[in-house]
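These notes are about the structure you will find just below.
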Amino acid sequence: MIFAELIPLAFSRLAAARLRAVLTMLGVIIGVGAIVALVSVAQGATSGITNLIEGLGVNLLQVSPGASSNGFLRGAAGSATTLTIEDAQAIASIPGVAQVAPQASTVAVVVAGSANTTTSITGVTPEFAPVRAYDVYRGAFITAAEAERRLRVAVLGSATADNLGLGGSSVGTQVAIGGVPFTVVGILQPKGILDDQVLIPLPTLRDYFVAGASLSAISVSVVQPETIPLVKSQISELLRQRHGLAVGAADDFTIIDQAQLLSAFGTITGFLSLLLAGIASISLLVGGIGIMNIMLVSVRERTREIGIRKAVGARGRDILVQFLFEALVLSLSGGVIGVAFGVAASAVIGAIAGWGLNVSPATVALAVGFSLVVGVVFGVWPARQAARLDPITALRYE
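For the sequence shown, my numbering gives the first residue as 1, with consecutive numbering after it.
Here you go:
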């Protein structure tokens, strides 16, 4: 039996029992649709997280203090007071470093008219905006003159401005930060991360909110991305020397680069994708069992047909190929419909989550290929049962 004859024959047999064929394909449709949708959701989440991390800054290194210890009690990472302005100035002299942005932060209540919010108050220098890739939506960023004169000026994150009910016309208005009046000089463009904060000059933060000379972080922008490992090593060596750490002593600081964050999130989302695909594959196996059951029923119902075909010269392998091809048509049709449902579900979820449609051709090919494998694996036994029927016994079957 040639391939061109198998296609219309398979579809005609399935059309004769449409409802049964649709119900049989349902397990495959659900399985393939679930695989495509869940894997695309994981890929979309990965893409969204990657964009957020890359939005933190260009070629960014983040230097944070280590953990403080009080007797036998160890604090959280970043709780120590081991970084200073002098450390930031020393880091700026390392070859390959483009800009350095020291910062310190606290939390305070911000009031504008009748609205208020509790948010992070971060003291920064003018270099903070280019290092952390912030753009100003309205007004201007903190200038060197404002920082040197310790002026009470503030730049609001987009989420903070929304929480306070301040729009584009709010530049020049007054807000109270921890009870101290400040003038709003700018509002930042939304980035999707760290949008709920208020930026003020670092010297001003020390005057009104945070005593001492320690920093909560030092952001470092590297000139060339390929030199990030070298610059990171040089910063580590410099800080160990400045902090007087002995050979073998643990660092009292932490340096994180974007590659580390991306690698960590990539590992997590990759494992999540495999886990979700594995869970969705269970429904495909259930669909395969359904195909096998229906094909066995079909063999029993068509016993006389098989006997007649063998009586007129059909070989066992012709019967086997015919029934196996019907199983493949069932599974492949279910796979194609499942892909359509999976892509539609991915588009809806992507639109709600904000990362758009994120379905890779590899995911579609894998899902369809898996459905074909299911058709072959669960269609072989019924096809063999049909091929091994004795024609005389089949012709006598009622």
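Ideal placement from N, C-alpha and C gives every residue a C-beta, glycine not left out.
Cα-Cα separation, residue i to residue j
i      : j      : result
Val184 : Val175 : 7 Å
Gln43  : Leu60  : 24 Å
Ile85  : Pro102 : 7 Å
Gly192 : Thr143 : 25 Å
Ala280 : Gln322 : 29 Å
Ala88  : Ile187 : 26 Å
Gly263 : Phe128 : Looking at the sequence provided, one finds Ser at residue 263 rather than Gly. About 25 Å.
Tyr208 : Asn116 : 19 Å
Gly244 : Ser219 : 22 Å
Trp355 : Ile349 : 9 Å
Leu296 : Leu366 : 27 Å
Ile121 : Pro203 : 13 Å
Ser69  : Val153 : Any reading at Ser69 needs caution, since the residue's pLDDT is 47, under 50, leaving its predicted position unreliable; the model's value is listed next. Taking the straight line joining both Cα atoms gives about 35 Å.
Leu460 : Gln197 : Residue 460 cannot be examined here, being either before or after the span of the chain that is shown, 1 to 398.
Ser79  : Ile268 : Reliability of the predicted coordinates at Ser79 is poor, the pLDDT of 48 falling under 50, and the value obtained from them is presented with this limitation in mind. So the alpha carbons of these two residues sit roughly 27 Å apart.
Ala21  : Gly369 : 20 Å
Ala249 : Val100 : 26 Å
Ser346 : Val247 : 53 Å
Ala133 : Val286 : 50 Å
Ala251 : Gln260 : Sequence check: residue 251 is Asp here, not Ala. Distance between the alpha carbons of Asp251 and Gln260 is about 18 Å.
Leu272 : Pro361 : 19 Å
Arg240 : Ala217 : 16 Å
Ala145 : Arg242 : 29 Å
Nearest residue (CA-CA) to residue i, options the options
i      : options                        : result
Leu205 : Arg149, Ala259, Arg240         : Arg149
Leu330 : Asn293, Thr363, Ala353, Leu38  : Asn293
Thr106 : Gly178, Gly287, Ser263         : Gly178
Ile256 : Ser221, Gln241, Phe271         : Ser221
Ala98  : Ser170, Leu245, Leu320, Gln224 : Gln224
Thr50  : Ala112, Phe325, Gly266, Arg152 : Gly266
Val374 : Ala345, Gly186, Leu324, Val343 : Leu324
Ser283 : Thr24, Leu215, Ala340          : Thr24
Ser47  : Leu151, Gly379, Leu366, Gly270 : Gly270
Gly357 : Ala161, Gly342, Leu366         : First, the amino acid is wrong: residue 357 is Leu here, not Gly. Of Ala161, Gly342, Leu366, the residue nearest in Cα terms is Gly342.
Gln189 : Gly139, Arg315, Thr118         : Gly139
Arg399 : Val22, Arg384, Gly288          : Coverage of the chain is limited to positions 1 through 398, which leaves residue 399 absent and any answer about it impossible.
Val409 : Leu372, Pro229, Phe370, Ala344 : This structure cannot settle anything about residue 409, because the visible part of the chain is limited to 1 through 398.
Val339 : Leu164, Val359, Leu274         : Val359
Ser298 : Leu285, Ile319, Val368, Arg152 : Ile319
Gln258 : Ala362, Gln197, Gln62, Val109  : Gln62
Thr363 : Trp381, Leu274, Gly248, Glu326 : Leu274
Ile291 : Leu164, Ser114, Val377, Val36  : Val377
Val36  : Ser371, Val380, Pro382, Trp381 : Ser371
Val380 : Ala327, Ala133, Asp196         : Ala327
Ile94  : Val22, Leu238, Ala45           : Leu238
Ala161 : Val368, Val110, Arg240         : Val110
Gly27  : Ala353, Ala351, Ile289         : Ile289
Tyr137 : Arg240, Ala108, Val286, Ser170 : Ser170
For residue j and residue i, believed in contact at Cβ under 8 Å, the rounded distance
i      : j      : result
Thr81  : Gly212 : 7 Å
Ala147 : Pro126 : 6 Å
Leu276 : Val124 : That belief does not hold up - the Cβ atoms of Leu276 and Val124 are roughly 40 Å apart, past 8 Å.
Ser64  : Thr227 : At roughly 21 Å, the Cβ-Cβ gap does not stay under 8 Å, so Ser64 and Thr227 are not in contact.
Ala112 : Leu194 : Not confirmed; about 20 Å, so no contact.
Leu164 : Pro201 : Not confirmed; about 20 Å, so no contact.
Ala104 : Leu215 : 5 Å
Collapsed DSSP secondary structure at residue i in the structure displayed
i      : result
Val136 : strand
Phe141 : coil
Val359 : coil
Ile415 : In the structure displayed, the chain extends from 1 to 398; residue 415 sits before or after that span and is not available.
Asn116 : strand
Gly338 : helix
Ala34  : helix
Gln224 : coil
Ile94  : coil
Phe253 : strand
Ala159 : helix
Ser283 : helix
Phe182 : strand
Val401 : Lying before the first or after the last residue shown, residue 401 is absent from the chain, which here runs from 1 to 398.
Gly71  : For Gly71, the predicted structure reports a pLDDT of 45, less than 50, and the residue's modelled location is therefore unreliable. The matter cannot be settled from this model.
Ala176 : strand
Ser216 : coil
Pro382 : helix
Val462 : As displayed, the chain neither begins before 1 nor continues past 398, which places residue 462 out of reach and without an answer.
Val63  : strand
Closer than 7 Å: residue i CB and nearest the ligand NAP heavy atom
i     : result
Ser40 : The ligand NAP is absent from the structure shown, which contains no ligand whatsoever.
CB contact check: residue i to chain C, cutoff 8 Å
i      : result
Asp162 : Given the protein chain composition of this structure (a single chain), no chain C is represented.
- Answer yes if the stretch 28–36 comes into contact with the stretch 315–335, meaning at least three C-beta pairs across the two stretches below 8 Å, and no otherwise. yes
- Message: Can you confirm whether the stretch 153–169 touches the stretch 230–240 when touching is taken to mean that 3 or more C-beta pairs between the two stretches lie within less than 8 Å?
- Response: no
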